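The structure appears right after this line, and notes come after that.
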Amino acid sequence: MALKLTPKSEIDRRVSRFQEKITEQLLDGAIILLNSDLFYFTGTVQNAFLFVPASGEPVLAIKKSLQRGKNESPLKHIVPFGSPKEIPSILGAFGYTKFEKIGWELDVLPVNLYQRYQKIFPKAEFIDISPTIKTIRAIKSPYEIELIRDSASVIGKAHLAVPSFLREGMLEIELAALFEAEMRKRGYSGCCKMRSFNQDLFLGNTCSGYSATAPSFLDGPIGGTGVSVTHPHGAGWKKISRNEAVYIDYTCVVNGYTSDQTRIFCIGELSSRMVKAFEAALFIESEIIKAIKPGTPAEEPYLLAMKLAEEMGLKDNFMGYQEDKVKFIGHGIGLEVDELPIFAKGLKTPILPGMTFALEPKFIFAEGAIGIENSFVMTEHGPDYLSMTPNVITYIK
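Residue numbers (the working numbering): 3 to 399.
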């Protein structure tokens, strides 16, 4: 299967939109270093920097691999470079010599690199361009939405395959490996990116029964023991038993774009409390979907979810176990799994057509975790499902 390249028209659209924002902010240009942003604006991921001027053609300078960058990116100016010290002269060769105000991804740029670039551009004012990039990337094009739909199809097929290999007594990590194989053989790249510092997100999470109560550093409602204290999250060494919830929550990244989905399985039968909690999660998701309209502030789905959980007497078990709760109900998805919008109290970001996101109402009890997560795209009429797997508990006898 040939690698999928980003169309030139798509890259041109993104760069043009970015240049409009650069001009509005009275910048001379922006220098892009983060791989996710590099890919978004160039179509390739190399050891490189990208200069996007307020007007004119961008310059992509690559340390390694120049040839692959040229093969994958439709940009006109792609050149080699050896050291950041060469940046002013490289850009000067294309007529870019004014560097009074430069945009940088200051949400992710390490301080030592920031200081190094200050020496290279001693007279320039450094401006944080990351909020602008996040806002641009939050609105997906039809091309991007189809890529996320493709990704959702892959994880959907993997979830549908679970009954063929889930069995009593197998280890969580064994189940996780088989599930991941179902995605990998369909094109999962095996790398899920988070912009947030030090989150170290693995591909996803497989928990069974009480292991879902194990706390984790990760900013998610369910932790899991993990297989070692160095990676304290996700599937562990617990054996899967009958009559307990098997919780499989994964991202899926295909051609760079992320979908996110959770499904519940059980060998045998679940308790009435767990079944009722699952029905409550479905109800919360459906009420959020009905409530979201173009322009809805991002905090409203969260506030609604908390209100409903409290009314159903389940607030204490909602979105985390005991004191380890998270304070969101959903998040944007795209090249990263923590894009805008974030559905949390106090966040007023309007939910606009073209935004793609995951909603994940979940409950955690001493006997396990249960809930749902699906991926959506916001349209002019409201959210549309990108996930396609039935929203049910799958029982295996």
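Ideal Cβ placement from N, Cα and C applies to all residues, glycine included. Bear in mind the structure is a predicted one, so any value in this text is a computation, not a measurement.
- Cα atoms of ILE135 and LEU28: separation of roughly 16 Å, rounded to the nearest angstrom.
- The beta-bridge partner set that DSSP reports for TYR387 consists of PHE378.
- Comparing alpha carbon positions, the residue from LEU284, PHE43, LYS195 and ALA311 closest to PHE20 is PHE43.
- If the five residues before and after GLY71 are omitted, its C-beta is found closer than 8 Å to the C-beta atoms of THR44, THR46, GLN48, ALA50, LEU62, ILE64 and ILE80, all from its own chain and listed in chain order.
- Ranked by Cα distance from ASP326, the options LYS241, GLY226 and TYR304 are led by GLY226.
- In the pairwise beta carbon analysis, the stretch 207–223 is classified as not touching the stretch 144–160: fewer than three pairs are separated by under 8 Å.
- Under the Cβ criterion (8 Å, minimum of three pairs), the stretch 256–265 does not count as touching the stretch 289–301.
- Scanning its chain for C-beta atoms nearer than 6 Å, with the 5 sequence neighbours on each side dropped, one finds around LYS78 the residues GLU59, in chain order.
- Counted as a single uninterrupted DSSP element, the beta strand (DSSP E) harbouring TYR397 occupies residues 395–398.
- Boundaries of the beta strand (DSSP E) harbouring GLY105: 103–106, taken from the DSSP string.
- Relative to SER132, the option among PRO124, ILE157 and TRP106 whose CA is nearest is TRP106.
- If you draw a 10 Å sphere on the C-beta of LEU115, you find fewer than 16 other C-beta atoms in it, and that means exposed.
- Under the DSSP assignment, GLU338 falls outside any alpha helix (DSSP H); it carries neither an H nor an E label.
- Looking at the DSSP output, PHE96 bridges to nothing.
- A straight line joining the alpha-carbon of ALA371 with that of PHE365 spans about 6 Å.
- Check the Cα spacing between HIS383 and each of LEU93, ALA293 and ALA307: the tightest is with ALA293.
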